[in-house]
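Novice: Under the UniProt record's numbering, the first residue of the sequence shown carries the number 1, and numbering increases by one thereafter.
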Amino acid sequence: MKNVDNLIQKFQNHCISDEELQQLEQWVKSSKRNTYYFKNAIEQDYLLTAYSRQDEKLPKLDDIFRQTKPSPKRAMPAAVFKYAAILVVGLFTAALGFFYFNNQTEETYNPGGITFTYSNGETISIDENGQGTLTDKSGNALGVQKQDELDFTASTTKSTTYNTLKVPRGKRLNLLLADGSRVFLNSESTLRFPANFPDTGDREVYLTGEGFFDIAKDAEHPFHVNAEELQVEVLGTRFNVNAYHGSEQITTTLAEGLVILRDKKQETRLVPGEAGIWKVNEKQIEVSQVQVANNIAWIENRLLFIDEPFETIIEKIERSYGVKIINNNPSLAATRFNGDFDLNTEDVKDVLDAFTTIDFFEYSYKNNIITIN
């Protein structure tokens, strides 16, 4: 359309007629390239004039963006990338804010803090950087907190009742259980365990989420990690269990030693370098060779994904950084990516900005909520 620049200028000056607005709307909706062209024009104008009000015609242009459907694209071959701050997507957020966000209700996302629930149901908060002693109602010591670790080896209680530790998104915590076994608990995870294991019988804990276990050897008392209908049995070994609520599979990755996976119908042994995947719906266990370091990268505070779809990566980002992500760009969901980020030095905006260097989208970040458009 030859007069598109003129129509865009009229739109920017708030003097566009209904007929001209309809022409501009049709042109923008006709292709992804036209949509980008219009956005770029609006961005440049915003930087010069700084819109301070919302025109009554703007909601109609908002519909253009909501209805414009990018042309289908093939899932790109996963290209390994590292963060490079070469796009400032905040420009788009500022320039187009009056389209996307002016009418939205203010919303805040807070994943909460770490909690410890006693066997009697009483719940207390755990400061991940705090220090102190956890005691029961009788004053007996259950465990000692040393910043990001809870140590139950010095427990003076004889109780074998179960307590529950809940770690929300954006947090992690380490445990030293009464038998000397160490557990690294990932974000959005829950572990049920006793302050003391019984003198007879097996050692049992219950996991939802993800944990890396370094189990103290005790041939007379096998250690069981229970996740839904799957049980992982060990004597003394190091392994990772990924069993997030709602997932279609539970993955056990063996780093050292020997583990036995079992459910009501079957039993499978793993050797180091193998992962056992229990299919929740099929009730089947599949075994495969894996790179163990990749499956346990999270314990080194790394956000790692290899040939994974964006919809799965979103879940990892939400857990790692304690944010909520709203993806309004469905074409991204099945696109696969590789990435490796250091959670100690790279924040969530570093991660998202890296994606924008590969696949065009803009996002907003406010009150712990990320909206991808």
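No residue lacks a Cβ here, since even glycine has one placed at the ideal position from N, Cα and C.
Note that the coordinates shown come from a computational prediction; the quantities given were computed from them, not determined experimentally.
Which same chain residues, not among the five before or five after VAL144, have their C-beta less than 7 angstroms away from its C-beta?
Specialist: Excluding residues within five positions, the ones whose Cβ falls inside 7 angstroms are THR133, ASP151 and ALA154.
Novice: Which full runs of the alpha helix (DSSP H) of 4+ residues lie inside the stretch 281 to 320, going along the chain?
Specialist: For the stretch 281 to 320, whole alpha helix (DSSP H) runs of length 4 or above, ordered along the chain, are 292 to 295.
Novice: Taking contact to mean 3 or more Cβ pairs, one atom from each stretch, closer than 8 angstroms, check whether the stretch 227 to 244 and the stretch 259 to 270 are in contact.
Specialist: Yes: the two stretches touch, three or more of their Cβ pairs being nearer than 8 angstroms.
Novice: Just to confirm the assignment, what range does the beta strand (DSSP E) spanning residue 375 have?
Specialist: This structure leaves residue 375 out entirely; the chain is present only between 1 and 373.
Novice: Assuming ILE8 is part of the alpha helix (DSSP H), what are its boundary residues?
Specialist: Note, ILE8: alpha helix (DSSP H), 4 to 12.
Novice: For GLY276, tell me which candidate among LEU230, TRP298, HIS245 and TYR244 has the shortest Cα-Cα distance.
Specialist: The residue with the shortest Cα to Cα distance from GLY276 is LEU230.
Novice: Could you check whether SER159 and ALA195 sit closer than 8 angstroms to each other, using their CB atoms as the reference points?
Specialist: Against a cut-off of 8 angstroms, the Cβ pair of SER159 and ALA195 comes out as a contact.
Novice: At a cut of 8 angstroms, does the stretch 202 to 215 reach the stretch 175 to 192 through at least three beta carbon pairs?
Specialist: The answer is yes - the stretch 175 to 192 touches the stretch 202 to 215, with three or more Cβ pairs under 8 angstroms.
Novice: Go ahead and label VAL89 buried or exposed: buried means 16 or more other beta carbons lie within 10 angstroms of its beta carbon, across all protein chains shown.
Specialist: Confidence is the limiting factor: at VAL89 the pLDDT is only 30, short of 50, which leaves the residue's position unreliable and the question unanswerable from this model.
Novice: So is LYS146 in contact with chain C if we call contact Cβ pairs under 8 angstroms?
Specialist: Looking for chain C here will not work: only one protein chain is present.
Novice: Taking all protein chains shown into account, do 16 or more other C-beta atoms lie within 10 angstroms of the C-beta of THR200, making it buried, or fewer, making it exposed?
Specialist: Flag for THR200 reads exposed.
Novice: Let me check understanding here. Comparing Cα to Cα, which of HIS221, VAL280 and GLY121 lies closest to GLU248?
Specialist: Closest by alpha carbon: VAL280.
Novice: Taking the Cβ atom as the reference point for each residue, do PHE337 and ILE313 lie within a distance shorter than 8 angstroms?
Specialist: Yes, these two residues count as a Cβ contact at 8 angstroms.
Novice: Can you tell me whether THR157 is buried or exposed? The criterion is at least 16 other CB atoms within 10 Å of its CB, across all chains shown.
Specialist: That one is buried.
Novice: Excluding the 5 residues preceding and the 5 following ASP148 in the sequence, name in chain order all residues of the same chain whose CB lies nearer than 8 angstroms to its CB.
Specialist: Same-chain partners within the cutoff: GLU128, ASN129, ARG172, LEU173 and ASN174.
Novice: Taking the beta carbon of ASN163 as the centre, do at least 16 other beta carbons fall within 10 Å, making it buried, or is it exposed?
Specialist: So ASN163 counts as buried.
Novice: Restricting to Cα atoms, I'd like to know which of GLU286, ASN294, ASP347 and GLY322 is closest to ASN368.
Specialist: Out of GLU286, ASN294, ASP347 and GLY322, GLY322 has the C-alpha closest to the C-alpha of ASN368.
Novice: Thinking C-beta only, is ASN240 closer than 8 angstroms to ILE296?
Specialist: Taking 8 angstroms as the Cβ cut-off, ILE296 and ASN240 qualify as a contacting pair.
Novice: Quick check on this structure: which residue in ASP136, ASN242 and GLU282 has the alpha carbon closest to the alpha carbon of ASN120?
Specialist: ASN120 has its Cα closest to that of ASP136, out of ASP136, ASN242 and GLU282.
Novice: Helix, strand or coil, according to DSSP, for ASN174 in the structure here?
Specialist: In the structure shown, ASN174 sits in a strand (DSSP, three-state: E or B).
Novice: When DSSP labels each residue in this structure, what does residue 376 get in the three-state scheme?
Specialist: Past the boundaries of the shown model lies residue 376; the chain is included only from 1 to 373, so the question cannot be answered.
Novice: Do ILE325 and GLU318 have their C-beta atoms closer together than 8 angstroms?
Specialist: Going by C-beta atoms, ILE325 is nearer than 8 angstroms to GLU318.
Novice: Take the Cβ of ILE8 as the centre, count every other Cβ of all protein chains shown within 10 Å, and call the residue buried at 16 or more, exposed below.
Specialist: By the 10 Å Cβ count, ILE8 comes out buried.
Novice: Given a threshold of 16 other Cβ atoms within 10 Å of its Cβ, counted over all protein chains shown, does GLU187 qualify as buried or as exposed?
Specialist: The residue asked about is misnamed: residue 187 is Ser in this sequence, not Glu. Per the 10 Å Cβ criterion, buried.
Novice: Give the single residue among ILE16, ILE126 and TYR109 whose Cα lies nearest to the Cα of THR117.
Specialist: Nearest of ILE16, ILE126 and TYR109 to THR117, Cα basis: ILE126.
Novice: Whose C-beta lies closer than 6 angstroms to the C-beta of ASN226 among residues of the same chain, with five residues either side of it excluded?
Specialist: Closer than 6 angstroms at the Cβ level, and outside the excluded window around ASN226, lie TYR206.
Novice: Measuring only the C-alpha atoms, how far is VAL183 from GLN284?
Specialist: When rounded, the distance between both Cα atoms is 26 angstroms.
Novice: Would you mind reading off the limits of the beta strand (DSSP E) that contains GLU204?
Specialist: Element bounds for GLU204: 203 to 214.
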